Amino acid sequence: MSCLKLICLFVILNLSFEAQSTYAQKRPNILLIMTDDQGVGDIGLHNNDVLKTPNMDAIAKQGAEFKQFIVNFNCSPTRASMLTGRDNYRTGVVGVTET
113 MSCLKLICLF
123 VILNLSFEAQ
133 STYAQKRPNI
143 LLIMTDDQGV
153 GDIGLHNNDV
163 LKTPNMDAIA
173 KQGAEFKQFI
183 VNFNCSPTRA
193 SMLTGRDNYR
203 TGVVGVTET
């Protein structure tokens, strides 16, 4: 290879790696905690004196918290809604099925 080709290859690779690292720095870290059979008041952050959830409380205080949401009373339709982005009655999952 000629010297010019090597220099061009080096510049292109360098720009490529730099663009990837810049993109990685701009992406937010998202942590979604989805629990079963837990009501909105069942964590310490929501003034529950009986149930202690220090780790979940710390994560919620440092980040964002969903405050307006609706879920199905069964866990399976709720999970299907989260995975598909569709309303729970449009996912085809209507309840918990035993196999």
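Going by my numbering, the sequence shown opens with residue 113, and the numbers climb by one from there.
Glycine included, every Cβ here is placed at the ideal spot set by N, Cα and C.
These figures come from a predicted structure and were not determined experimentally.
Residue i - DSSP class collapsed to helix/strand/coil
i	result
D149	coil
T196	helix
R139	coil
K117	helix
G204	coil
L163	coil
V183	coil
I124	helix
L157	helix
Other residues of its chain near residue i: CB distance less than 7 Å, five sequence neighbours each side excluded
i	result
D169	I155, G156 and L157
T196	T203
D199	S193
Bounding residues of the alpha helix (DSSP H) (the contiguous stretch that carries residue i)
i	result
N167	P166 to Q174
Neighbourhood of residue i by C-beta, 8 Å cutoff - its chain only, sequence neighbours within 5 removed
i	result
P166	G156
Residue j beta carbon less than 8 Å from that of residue i
i	j	result
A192	V205	yes
C187	D148	yes
L144	I171	no
Neighbourhood of residue i by C-beta distance below 6 Å, restricted to the same chain and skipping five residues each side
i	result
V208	N186 and S188
K164	G156
8 Å Cβ cutoff, residue i in contact with chain B
i	result
L116	Any reference to chain B falls outside this structure, which holds one protein chain only.
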